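Everything on this sheet refers to the single structure shown next.
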Amino acid sequence: LLSLVILLDSKAQQTELEWISYPPNGWEEISGLDENYTPIRTYQVCQVMEPNQNNWLRTNWIEKGDAQRIFVELKFTLRDCNSLPGVVGTCKETFNLYYQETDSEVGRSLRENQYVKIDTIAADESFTQGDLGERKMKLNTELRIIGPLSRRGFYLAFQDVGACIALVSVKVYYKKCWSIIENLATFPDTVTGSEFSSLVEVEGMCVSDAEEEADNSPKMHCSAEGEWLVPIGKCICRAGFHQKGDACEPCGRGFYKSSSQDLQCSRCPAHSFNDREGSWRCDCEDGYYRALSDPPSVACTRPPSAPQNLVYNINQTTVSLEWSPPADTGGRNDVTYRVICRRCSWEPEECVPCGPNVGFSPAQSGLVDTYVTIVDLLAHANYTFEVEAVNGVSDLSRTQRLFAAVSIATGQAAPSQVSEVIKEKVQQRSVQLSWQEPQQPNGVITEYEIKYYEKDRIYSTVRSKSTSATVNNLKPSTAYVFQIRAFTEAGYGTYGPRVEITTKEENTATIVSSEQNPVIIIAVVAVAGTIILVFMVFGFIIGRRYALAVKFPGTKTYIDPETYEDPNRAVHQFAKELDASCIKIERVIGAGEFGEVCSGRLKLPGKRDVSVAIKTLKVGYTEKQRRDFLCEASIMGQFDHPNVVHLEGVVTRGKPVMIVIEYMENGSLDAFLRKHDGQFTVIQLVGMLRGIAAGMRYLSDMGYVHRDLAARNILVNSNLVCKVSDFGLSRVIDDDPEAVYTTTGGKIPVRWTAPEAIQYRKFTSASDVWSYGIVMWEVMSYGERPYWDMSNQDVIKAIEEGYRLPAPMDCPPGLHQLMLDCWQKDRAERPKFDQIVGILDKMIRNPNTLKTPVGTCTRPISPLLDQSTPDFTAFRSVGEWLEAIKMERYRDNFTAAGYSSLESVARMSIEDVMRLGITLVGHQKKIMSSIQTTRAQMLHLHGTGVQV
1 LLSLVILLDS KAQQTELEWI SYPPNGWEEI SGLDENYTPI RTYQVCQVME PNQNNWLRTN
61 WIEKGDAQRI FVELKFTLRD CNSLPGVVGT CKETFNLYYQ ETDSEVGRSL RENQYVKIDT
121 IAADESFTQG DLGERKMKLN TELRIIGPLS RRGFYLAFQD VGACIALVSV KVYYKKCWSI
181 IENLATFPDT VTGSEFSSLV EVEGMCVSDA EEEADNSPKM HCSAEGEWLV PIGKCICRAG
241 FHQKGDACEP CGRGFYKSSS QDLQCSRCPA HSFNDREGSW RCDCEDGYYR ALSDPPSVAC
301 TRPPSAPQNL VYNINQTTVS LEWSPPADTG GRNDVTYRVI CRRCSWEPEE CVPCGPNVGF
361 SPAQSGLVDT YVTIVDLLAH ANYTFEVEAV NGVSDLSRTQ RLFAAVSIAT GQAAPSQVSE
421 VIKEKVQQRS VQLSWQEPQQ PNGVITEYEI KYYEKDRIYS TVRSKSTSAT VNNLKPSTAY
481 VFQIRAFTEA GYGTYGPRVE ITTKEENTAT IVSSEQNPVI IIAVVAVAGT IILVFMVFGF
541 IIGRRYALAV KFPGTKTYID PETYEDPNRA VHQFAKELDA SCIKIERVIG AGEFGEVCSG
601 RLKLPGKRDV SVAIKTLKVG YTEKQRRDFL CEASIMGQFD HPNVVHLEGV VTRGKPVMIV
661 IEYMENGSLD AFLRKHDGQF TVIQLVGMLR GIAAGMRYLS DMGYVHRDLA ARNILVNSNL
721 VCKVSDFGLS RVIDDDPEAV YTTTGGKIPV RWTAPEAIQY RKFTSASDVW SYGIVMWEVM
781 SYGERPYWDM SNQDVIKAIE EGYRLPAPMD CPPGLHQLML DCWQKDRAER PKFDQIVGIL
841 DKMIRNPNTL KTPVGTCTRP ISPLLDQSTP DFTAFRSVGE WLEAIKMERY RDNFTAAGYS
901 SLESVARMSI EDVMRLGITL VGHQKKIMSS IQTTRAQMLH LHGTGVQV
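Encoded structure:
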């Protein structure tokens, strides 16, 4: 009832209705009583004795307002024709209802052709003469709907065609949704739609001090019955106000609300206040501040006090400062330190900034650690250093700076650079140099050190007491780089600029005059021929041992360290010798075949310290173990590629013996993928594979065969860059003795190795391509074990019979096809690494090729796998089944959901698995794979007993 807007109600009018009746002797207005004996005005007609009746009754003009759909409710009584004698053929028991739309009143004339028929109205019940006498009139109620209407108003008309009828009441109304407040939004009065099933969408307006929720404006829908339905979105009280009922009230004094997303007002945090209502933040007390990056919920803080216990250590022109943290951090945890350096004259208060020539290590400001080293100070000068602790509000403070200070006088400085070097004489195997004394010797120079080296090779040094020197034992026709530095009591200065000099060519033949003795000529030729023959034989043997590929201009070729009689020579030729004092071991991260593997820092002079991994040789090693240990460094030192692990250097002249390589934060690829199962996009996985292929292309081009390419031997850094590693010739492949297939030539990682390498020990770049295909499978399956639980002998037999690993779950078909290409039995048919890189580049440039078709089978059942796949149908319970697939942690999840038999488990979909609360993608995949296997085994065993 609350949704109705009444336009006309004849029962509510006590005076005459004065509707138009035509002809005048047809419908007649009379006074009467309704069913509740209430006086009413009605119209009645009863011209049943005469045929062809056409009596019209029209209401006054009804203005419809905003309505489009009008309801007409009629209550009437009708006389049963059978109760009237002598009216057969003329008496009717129906009448007609019409309407006419107009924009205004049209007068009292009535034209039938201007009206639109609504319906013929028939009585459900009629009364007889006896009923009338007993006041048992049978009241009929009929409801009709008009619409949609487009004019300002309308008339209703009633046509009698020969019935005995009385209109007890006529009610005309429409429905609307009355204004309400919902979700802090006001929705105005809304008229219902023109269709019975229509919903009118209405935008709400936020109440005072409220705002729309982001991207979620308030809406409601007015139904045809005048009910508000389907609320969408809402308003929320803006900052400084909170909701109370259907309104937003301001936060009280001492409280705040910083965001409309907060539900309630909060008390002001420590050292802040407000004295007004409706605050979105609190002001800081005097002496306290809030940084620009601090949210209003953070307490106000203040600058820290000065650092404590400042001490220094001076070494000629280098000063080291150390201090303790301040006693008061100001209530913040972002304290850093900055150092102010001033050079002072011997007169007090005359100090100037140190200038850009002074160096600070690790930095002058933003220091996290409580120490700093200042270098390149002037000798015999006075300096003042101020160390200030700062935090996020220090620059906002207007109070006096608090710092610790120290004044220092420097001693003697090292000499400056030797800048001018002159090449006096260049021979085939020696170079004579001279130079000028440095412009700032800073003391008595006692000697000079000359460093020289071939490009990209290990350097050597000679020393000279004077400003000239001759460097001997050089190679003819070879470019050398020379640098010189001076030495005083204060230590060595820095090396001067590089000077490149090429030695002269060596004469290989002696010109013999025609006048010389023929016997001498014959002797010389014979001796020369013998020497050439010896060199040819020796060269053939060495060539066989080196097994070098054909060299092309600009191509660097790998040299096997085993060809060196002295392994130490190979190490020092290909690896840089490091000073053990430059290496700081921080923690042990694993154990290798020869000793511990640690992480730490490498700090080379003049360079930033870098994170490194350090392989150490255990105490009590044999000479063979030392040789095998350093062999890997001799190999790695020849490589320089972004996708091959970089060798920083070795320590061979101290203990422990160490190999230092770049630090790869995420460790081995297989463990990294298992840890982050299902967390990468296909593009990211292909990017990893592309990096591995690029590294292998580089190694293949150098003529190096890896022999043990597997995900466990790929390392991953913090940027997900994958790098090939593990270049040791003697390896422990796995703790599991089943993991390798032993032959007379050593151990082979069967699951990763090409058939010809297993059978005939034919290791080539093509066999590395086979291994790369297995690595692809490992990556796309997030580190799953190749061939699962099959034994090595079964793997060898299956491959020989043509079996190949199926596509991992969600693996694009193009990637699996590339795997199959890498696993061609004929090694000549396998792609080269250069081709693999090109294919992966095309996939990355066109991501559509990496989409997996919907419904792709995750792992087809193969007869070869049946040998090692458990018979899930033999398990007696769901618990045993979960234990077999190592998922017993979800036993309660299955039980609570009602999965009590393997038949019910076999019907599960991935959605069913997710509904159990199993959120780890890797576990979802493993369970679904086992469900598919169980389902296939049941189908095989019972025909169609399980619906798939």
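Residue numbering for the sequence shown follows the UniProt record's numbering, beginning at 1 and increasing consecutively. Glycine included, C-beta positions come from ideal geometry on N, C-alpha and C. In this text, all values refer to a predicted model and were calculated from it rather than measured experimentally.
Query	Result
C-alpha gap between LEU74 and PRO24, whole angstroms	22 Å
Burial state of ASN643 (16 or more Cβ within 10 Å)	buried
The region 814-829 / the region 641-660 touching (three or more Cβ pairs under 8 Å)	no
Same chain only: Cβ atoms within 6 Å of PHE629, ignoring 5 sequence neighbours per side	PHE594, LEU617
Given 8 Å, three or more beta-carbon pairs between the region 49-65 and the region 150-160	yes
PRO250, enclosing beta strand (DSSP E) - first and last residue	247-250
Distance, ALA613 Cα to CYS598 Cα	6 Å
GLU16 to THR42 span [Cα, whole Å]	9 Å
Buried/exposed call for ARG889, threshold 16 Cβ in 10 Å	exposed
Where LYS423 falls: helix, strand or coil (DSSP)	strand
Neighbourhood of SER464 by C-beta distance below 7 Å, restricted to the same chain and skipping five residues each side	GLU447, TYR448, ILE450
Neighbour-count burial assignment, GLY543, 16 or more Cβ in a 10 Å radius	Caution is warranted here: a pLDDT of 42 is assigned to GLY543, below 50, making its placement in the model unreliable, and the coordinate value is therefore given only provisionally. Classification of GLY543: exposed, given that the 10 Å Cβ count is below 16.
Buried/exposed call for ARG485, threshold 16 Cβ in 10 Å	buried
C-beta contact flag for THR919 and ARG827 at 8 Å	no
Simplified DSSP state of ALA884, which is helix, strand or coil	helix
Coil, strand or helix - PHE763 by DSSP	coil
C-beta contact flag for CYS822 and VAL769 at 8 Å	yes
Neighbourhood of ALA591 by C-beta distance below 7 Å, restricted to the same chain and skipping five residues each side	VAL597
Neighbourhood of LYS176 by C-beta, 7 Å cutoff - its chain only, sequence neighbours within 5 removed	SER3, VAL5, ASP189, THR190, VAL191, THR192, GLY226
The region 673-680 contacting the region 601-613, beta-carbon criterion three pairs below 8 Å	no
Sequence-distant residues of the same chain with beta carbon closer than 6 Å to CYS344, five excluded per side	CYS351, ASN382, THR384
Contact set for ILE589: own chain, Cβ-Cβ below 7 Å, skip 5 residues either direction	VAL597, CYS598, SER599
Cβ neighbours of GLU35 in the same chain (closer than 6 Å, five flanking residues each side left out)	LEU139
DSSP state of TRP770 mapped onto helix, strand, coil	helix
Residue environment, GLY554, which counts as buried when at least 16 other CB atoms sit within 10 Å	Residue placement at GLY554 cannot be trusted, given a pLDDT of 43 that sits under 50; what the coordinates show is reported in the next sentence. It is exposed - the Cβ of GLY554 has fewer than 16 other Cβ atoms within 10 Å.
Under the three-state DSSP convention, the category ILE910 falls into	helix
Local Cβ density within 10 Å of HIS380, reported as buried at 16 or more and exposed below that	exposed
Cut-off 8 Å between Cβ atoms - residues of its own chain near GLY252, not counting five sequence neighbours on either side	CYS265, GLU277
Straight-line gap, ASN357 to ASP376 (C-alpha atoms, nearest Å)	7 Å
Where TRP178 falls: helix, strand or coil (DSSP)	coil
Residue nearest to LYS825 in terms of C-alpha spacing, selected from SER900, SER771, ALA306	SER771
Three-pair Cβ contact test at 8 Å for the region 412-431 versus the region 328-335	no
Whether GLU29 touches VAL45 by CB criterion (8 Å)	no
Those runs of the alpha helix (DSSP H) which lie wholly inside the region 62-145 and span at least 4 residues	129-133
Nearest-angstrom beta carbon gap, LYS234 and PRO218 [assumed within contact, 8 Å]	5 Å
Spatial neighbours of GLN440 in its chain, beta-carbon cut-off 8 Å, leaving aside the 5 residues before and after	ALA413, PRO415, SER416
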